[in-house]
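See below for the structure under consideration.
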Amino acid sequence: MRVIEDLIDGYEVYDALASYTRLEILKVLLKNNEMNLDEISKSLHIAKGSLTMHIKKLEAAGLISVRLSLARRGTQKLCRINEEKLIINIIPQKKELNSFETELNVGQYAAYAVEPTCGLSTTEKRIDPMDDPRYFSSPERFNAGIIWFTSGYVEYRFPNQLHTDETAKELQIFMEICSEAPGVLENYPSDIYFYVNDVELGFWTSPGELFDRPGRFTPAWWYQNFPQYGRMKIITINENGTYLDGLFLAPITIRDIDFDHHTEISIKVVVPKTARHVGGVTLFGKGFGDYNEGIKAKVLYKKKEIAPTK
Numbered sequence: 453m454r455v456i457e458d459l460i461d462g463y464e465v466y467d468a469l470a471s472y473t474r475l476e477i478l479k480v481l482l483k484n485n486e487m488n489l490d491e492i493s494k495s496l497h498i499a500k501g502s503l504t505m506h507i508k509k510l511e512a513a514g515l516i517s518v519r520l521s522l523a524r525r526g527t528q529k530l531c532r533i534n535e536e537k538l539i540i541n542i543i544p545q546k547k548e549l550n551s552f553e554t555e556l557n558v559g560q561y562a563a564y565a566v567e568p569t570c571g572l573s574t575t576e577k578r579i580d581p582m583d584d585p586r587y588f589s590s591p592e593r594f595n596a597g598i599i600w601f602t603s604g605y606v607e608y609r610f611p612n613q614l615h616t617d618e619t620a621k622e623l624q625i626f627m628e629i630c631s632e633a634p635g636v637l638e639n640y641p642s643d644i645y646f647y648v649n650d651v652e653l654g655f656w657t658s659p660g661e662l663f664d665r666p667g668r669f670t671p672a673w674w675y676q677n678f679p680q681y682g683r684m685k686i687i688t689i690n691e692n693g694t695y696l697d698g699l700f701l702a703p704i705t706i707r708d709i710d711f712d713h714h715t716e717i718s719i720k721v722v723v724p725k726t727a728r729h730v731g732g733v734t735l736f737g738k739g740f741g742d743y744n745e746g747i748k749a750k751v752l753y754k755k756k757e758i759a760p761t762k
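Using the numbering used here, the final residue of the sequence shown is 762, and nothing's skipped along the way.
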């Protein structure tokens, strides 16, 4: 997912999308995941010379990525979609708001209670044995770049940098996640719930595991029958309510989560046993998935207004 915070900053994206041919290229890449230039050319009946220009424009806009790969006769260019979703903030963030951001890797949880199947891995090796929740307490977890479990929760506690004269106006949470299936199951829905300071915000139903291609940052040695990448989820809590990927999720506002200068920021990712779809969760951190980042929390705040003295 990509968020365009300022309308003008997205010009290259709008320009790249303002072409029927380039939209058709994106559609065929969505259908086939990854294709070389010859395959795209034959599929859409586009001359290679024209296709190269369109590919360059889509790549410059960040909508696709192109990589070189060995072929029978030299090398070939392979293309694939970069983003599953675009969010454009037409109304820019108010300039008077300040912000701070903190990132924790997926193994830096403060508390957990998980059920098998479950496990953790660093970018160098899997933390064995798998399916034993006790190993979620291993000191190696701090280096984990991916964790997974069938049901239960992990809780992340972020430092709160607000001062007494500052008021939080918005909290943004970023995480890359998907389901955790026993085996390889693309269609395996899971209701993944989100909590902030023990307030339930709602849930997202993950459609399944994602293993049709390697994650952009997933190590080459990673098991092909394990999830390769996830979906970036952005949770926003402000004075108007709670939003998931820009869509309304719940009427819970920033005031409802007991968040001021003296409270910490507790974020829980939960798959309840009582959920309709108990399909687990996989969390991707640094060195895995498509985004190479852990769980992030961003706080937008402003100084409190002080009434003038008479």
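Built from N, CA and C at the ideal position, the CB exists for glycine as well. Note that the coordinates shown come from a computational prediction; the quantities given were computed from them, not determined experimentally.
Since leucine 530 and asparagine 488 should fall inside the 8 Å C-beta cutoff, what is the C-beta to C-beta distance between them, to a whole number of angstroms?
5 Å
Candidates Tyr675, Ser521, Leu481 and Leu522, of which the one nearest isoleucine 507 by Cα:
Leu481
Enclosing beta strand (DSSP E) for aspartate 643 [first to last residue]
642 to 648
Give me the residue from Leu520, Gly501, Gly731 and Arg532 with the minimum Cα distance to glycine 401.
The shown model of the chain, from 453 to 762, leaves out residue 401, and the question about it has no answer.
Is the Cβ-Cβ distance between glutamate 632 and glycine 731 less than 8 Å?
yes
Per-residue DSSP class, three states only, for proline 666:
coil
Option nearest valine 733 by Cα separation, candidates Glu567, Thr715 and Ser718:
Glu567
State the Cα-Cα distance for the pair leucine 614 and alanine 620, rounded to the nearest angstrom.
8 Å
Using the C-alpha atoms, what's the distance from asparagine 557 back to arginine 609?
11 Å
Is it true that the region 723 to 730 meets the region 577 to 595, where meeting means three or more beta-carbon pairs spaced less than 8 Å apart?
no
Can you have a look at asparagine 485 and say buried or exposed, based on whether 16 or more other CB atoms are within 10 angstroms of its CB?
exposed
Starting from the Cα of threonine 575, find the closest Cα among Gly654, Thr569, Phe594 and Tyr463 and give me that residue.
Phe594
Given a threshold of 16 other Cβ atoms within 10 Å of its Cβ, counted over all protein chains shown, does arginine 474 qualify as buried or as exposed?
buried
Buried or exposed: proline 679, going by 16 or more other Cβ atoms within 10 Å of its Cβ?
buried
Since I believe glutamate 745 is in contact with glutamate 622 (beta carbons under 8 Å), could you give me their beta-carbon distance rounded to a whole number of angstroms?
So it is not a contact: roughly 20 Å between Cβ atoms.
Beta strand (DSSP E) runs contained entirely in the region 509 to 576, provided each spans 3 or more residues
516 to 523, 526 to 533, 538 to 540, 550 to 556 and 563 to 573
Report the rounded CA-to-CA distance for lysine 754 versus leucine 549, giving the unit in angstroms.
5 Å
Identify the residues that DSSP records as bridge partners of leucine 489: which are they?
Answer by DSSP bridge pairing: none, since leucine 489 is not bridged.
What would DSSP say about glutamate 632, mapped onto helix, strand or coil?
coil
Closer than 7 Å by C-beta to leucine 520: which residues in its own chain qualify, once you throw out the five before and the five after it? Chain order, please.
Thr527 and Lys529
Evaluate leucine 699 with the Cβ neighbour count: other Cβ atoms within 10 Å of its Cβ, from every protein chain shown; 16 or more gives buried, anything less gives exposed.
exposed
If you draw a straight line from the C-alpha of glycine 667 to the C-alpha of phenylalanine 740, how long is it?
7 Å
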